[in-house]
Ligand code: XMP
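Numbering (our numbering), first residue to last: 1 to 545.
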């Protein structure tokens with residue numbers, strides 16, 4: 001089944017993915033299309049979108065080489081909503097006037113519909129139910145001074161004569177503000193109006209439909225052949241595996257590499273949940289000794305990462321070959337690639353595809369010809385989590401905080417030893433227990449969890465994204481009972497973040513910090529001091545190595 005689709009045309013703005021996510025939150029499938037590819041796709045043989053949204057972008061329409069689209073696009077009968085630069089481009093192309101005023105609007109700005117301001121008052125479908133919008137979020141230098149022929153102004157601010165405009169007969173809309181950000185309180189309602197009232201979308205993008213369609217698709221693609229998956233226990237590979245297992249059952253073979261750098265009980269948990277409860281065929285590869293001996297004596301952080309990466313590829317290749325032989329040949333390799341890994345961006349000097357290599361899979365040996373199966377390729381992270389819940393994966397796994405591929409090795413400063421890893425594992429387990437308990441208490445009191453990646457989502461709320469302990473590799477003097485101690489210090493790192501790109505240290509309640517520190521010193525032999533990391537990113541990074 002083909003979903004209603006909205007194209008989010010990328011002009012290089014910073015909110016492109018956010019716009020696509022907002023559309024999807026409204027149960028409509030959106031995909032990001034670089035502006036250079038739009039006309040080719042409209043003229044091609046593929047399905048046409050139900051509507052098009054132009055994003056903002058850093059350019060001015062008058063700049064030489066500024067991104068643009070031809071007049072023809074507006075004559076196809078496909079509704080278009082231009083946002084910020086997108087609106088200016090629409091006005092410029094269709095005969096309006098865009099200018100660079102002295103006054104630049106940035107931030108939260110009062111806005112009134114033209115109706116309220118006694119201007120021209122169309123029955124705007126875009127503003128339907130939003131008589132008094134209040135405030136919006138602006139971030140622009142240029143603005144539309146004169147709307148093109150056929151358009152009317154539908155809202156304005158003190159400084160911006162055209163906060164929005166429309167030609168409803170042609171289905172063309174432009175907004176100078178950013179409806180996609182939370183600071184525009186009526187923004188989602190406006191987007192919903194565009195999707196449903198203007199474009200006639202049906203709201204068929206739900207995770208229930210996704211699972212149903214994907215299961216059929218995987219069955220059809222795989223037929224009676226076999227699929228291999230390197231399961232890491234992380235959200236993406238786990239959801240991909242459970243989904244594929246639902247489609248083809250035991251024709252999916254998974255292997256789980258335990259490199260000995262996992263958190264306490266993590267390996268057992270993966271086997272218990274996916275092997276026993278979901279009844280998936282999983283081979284556990286106990287490679288701890290191999291990784292530890294490769295790491296022996298190595299102190300330099302980058303070198304540690306490289307060794308772990310190389311070792312992972314070696315284990316992956318060996319295991320893939322072995323299992324393929326055992327199974328009499330495997331045709332597909334399942335990967336948990338998600339949309340932000342593959343999305344192409346527009347502007348910024350051409351349509352270069354930005355594709356990150358998946359950190360868990362080193363690539364295939366040349367001699368093994370497997371086809372990639374990437375069922376989550378179209379999903380954002382929050383959608384992957386929703387699919388996980390739909391498939392019955394427990395919330396604590398679906399909302400798991402990120403865990404780096406190189407594992408505890410990059411939280412163990414200097415050379416990695418089993419003795420030091422044990423200190424990290426034990427202290428980290430205590431930290432997680434205490435924060436999880438606090439989170440559950442918070443949930444009981446307020447109905448909201450705020451600790452763990454994704455809780456609080458992409459909102460501006462200060463959701464705690466990640467929390468873990470590190471071993472800074474220093475020892476200090478303490479006193480326990482009546483005896484002098486000379487033991488390790490443990491660092492506690494807890495950060496708030498939206499996407500891991502920037503972060504701040506989490507303002508954990510003192511009582512929680514107190515309990516954590518007391519328990520770590522009392523329960524973890526070999527630790528006599530606990531430090532709390534007060535560094536934001538930048539200048540720090542979230543991990544210590
Ligand atoms: P940094 O330390 O760069 O981390 O501020 C940002 C986020 O990325 C995670 N991280 C990794 N994830 N492989 C991963 O899959 C890695 O090598 C890796 N290094 C850091 C980190 O935990 C944080 O969430």
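Note that the Cβ used here is the ideal one computed from N, Cα and C, for glycine as well.
Residue 2 and residue 210 have their alpha carbons spaced roughly 11 angstroms apart. In this structure residue 155 is in contact with residue 111, their Cβ atoms being roughly 6 angstroms apart against a cut-off of 8 angstroms.
Residue pairing of residue 229 in beta bridges, as defined by DSSP: 254 and 334. When C-alpha distances from residue 202 are compared across 6, 285 and 468, the shortest belongs to 6.
In this structure, the C-beta of residue 88 stays at least 8 angstroms away from each heavy atom of the ligand XMP. With contact defined as three or more Cβ pairs closer than 8 angstroms, the region 178 to 192 and the region 144 to 163 are not in contact. Shown in chain order are the residues whose CB sits closer than 6 angstroms to a heavy atom of the ligand XMP: 359, 402, 404, 405, 406, 466, 500, 537, 541, 542 and 543. In the DSSP assignment, residue 372 falls within the unbroken beta strand (DSSP E) covering 371 to 373. For residue 489, the beta-bridge partners assigned by DSSP are 529. Residues of the same chain with a CB within less than 6 angstroms of the CB of residue 25, apart from the 5 flanking positions on each side, do not exist.
Close CB contacts of residue 491 within its chain, under the 6 angstroms cut and outside five residues either way in sequence, are with 470, 472, 531 and 533 (chain order).
Counting of Cβ neighbours within 10 angstroms places residue 496 among the buried residues, the total reaching 16 or more. Looking at 527, 298, 508 and 442, the one whose alpha-carbon comes closest to that of residue 479 is 527. Fewer than three Cβ pairs drawn from the region 375 to 394 and the region 57 to 74 lie within less than 8 angstroms of each other, which leaves the two stretches out of contact. Counting only residues of its own chain and dropping the five nearest sequence neighbours on each side, residue 412 has a CB closer than 7 angstroms to the CB of 420, 421, 424 and 471. Proximity to residue 153 across 136, 176 and 260 peaks at 176, based on C-alpha coordinates. Here DSSP, grouped into helix, strand and coil, assigns residue 245 to helix. Between residue 276 and the set 242, 166, 264 and 39, the nearest pair of CA atoms involves 242. In this structure the region 274 to 290 does not touch the region 436 to 453; the number of beta carbon pairs closer than 8 angstroms is below three.
Apart from sequence neighbours up to five positions away, the residues of its chain that approach residue 130 with a beta-carbon distance below 7 angstroms are 186, 189 and 190, ordered along the chain.
Relative to residue 318, the option among 295, 257 and 293 whose CA is nearest is 257. Nearest to residue 262 by C-alpha distance, out of 428, 98 and 525, is 428.
Counting along the chain, residue 145 sits inside no alpha helix (DSSP H); it lies in the beta strand (DSSP E) bounded by residues 143 to 146.
Residues of the same chain with a CB within less than 6 angstroms of the CB of residue 503, apart from the 5 flanking positions on each side, are 495, 497, 537 and 542 in chain order. Residue 43 and residue 52 have their C-alpha atoms spaced approximately 15 angstroms apart.
By the neighbour-count criterion, in which 16 or more other beta carbons inside 10 Å mark a residue as buried, residue 238 falls on the buried side.
If you check the CB distance, residue 99 and residue 90 do not come in under 9 angstroms. The Cβ atoms of residue 56 and residue 14 sit closer than 9 angstroms to each other.
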